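Each remark here refers to the structure printed beneath this line.
In this note's numbering, the protein residues as written are 1 to 210.
Here is the structure:
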C-alpha cells in the first residue's frame, strides 16, 4: 500500500478503525494484538523517555493462530506516530488500549472496513481516472502489517531489525533488549513514520524491491 492509498483508505474509515489501522501500519502488529492490546502490557523505558508494549507469549487472541507466534513474547516498539496514538487513547479504558463502545473489539475486518475499501477504490478512480488495482480494492487488515515491513525494507532497515519490529525474530527473549538496542529499533521504526516529502521515494523503493 502506497502512502497515497493509505491516505485515501484511512480517510474512509470510521474513527475507531482509523486509529487502530494507523497504529497497525506503524507497528506491524497483528489484528488481534491491536484489538486486545492491554495497558498492563505497557512497559516504561525510563532511559529513553518512552515506553514499549510486551505482549505475553501465551496471548492467543481470538484463536491461537491469531495471537503471538513462535511462543515468544512480542515486543511492540512505538515510533512517533504510534506514541501519539497511545497518548490519545490513554484514559479511555482502564484495561483496553483500543476499546469500542466500552468493550473490546473482536476484529477489525468487519463490514465497516469492507465498505470503506469500496469507497476508497471509488475515490481512487475519481481522482486518477482509472480503476484502483485489485490489491487496493480488496486490501486486507493483514496487508497493513505487510506494508509496515515493506516500508522498513525500503528505508534500509536491516533484516534483523525488521524481524524484531515485525515480531518474527526467532530464538530471542525480546524482554531482554538493552536500552541501546531498543533505541536502535525505535530509530528504525521512525524511518517509516512520515508521510511528507520522503514518502514518494519510499514508495518507489518499495516497488523496486517488492
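Note that beta-carbon positions come from the ideal geometry of N, C-alpha and C, so glycine has one too.
Every value quoted in this text rests on a predicted model; they were computed, and no experiment measured them.
Query: Counterpart residues of residue 99 in DSSP-defined beta bridges; Result: 104
Query: Reduced DSSP category for residue 42 - H, G, I as helix; E, B as strand; rest coil; Result: strand
Query: Length of the line joining the Cα atoms of residue 23 and residue 129; Result: 30 Å
Query: Proximity of residue 81 and residue 193 at Cβ, strictly below 8 Å; Result: yes
Query: Beta-carbon separation (whole angstroms), residue 142 vs residue 31, contact threshold 8 Å; Result: 7 Å
Query: Span of the alpha helix (DSSP H), counted from its first residue to its last, around residue 27; Result: 15 to 27
Query: Pick from 35, 14, 124 and 56 that is closest to residue 111, judged by C-alpha positions; Result: 14
Query: Three-state secondary structure assigned by DSSP to residue 139; Result: coil
Query: Alpha carbon of residue 36 to alpha carbon of residue 124, nearest angstrom; Result: 32 Å
Query: Whole-Å CB distance - residue 28 paired with residue 165, under 8 Å assumed; Result: 6 Å
Query: Enclosing beta strand (DSSP E) for residue 52 [first to last residue]; Result: 50 to 55
Query: Residue 74 - partner residues in DSSP beta bridges; Result: 55
Query: Rounded Cβ spacing between residue 137 and residue 117 (contact assumed at less than 8 Å); Result: 7 Å
Query: Cβ-based neighbour list, residue 132, same chain, cut-off 7 Å, excluding 5 preceding and 5 following; Result: 121, 124 and 125
Query: Length of the line joining the Cα atoms of residue 38 and residue 127; Result: 39 Å
Query: Among 96, 177 and 191, the one whose alpha carbon lies nearest that of residue 47; Result: 177
Query: Rounded separation between residue 100 and residue 106 - CA only; Result: 9 Å
Query: Own chain partners of residue 190 with C-beta closer than 7 Å, once the 5 adjacent residues on each side are dropped; Result: 79 and 80
Query: Between the CA atoms of residue 97 and residue 72 - distance to the nearest angstrom; Result: 21 Å
Query: 7 Å CB neighbourhood of residue 180 in its chain, flanking five on each side removed; Result: none
Query: Residue 5 burial status per 10 Å Cβ neighbour count (16 or more: buried); Result: buried
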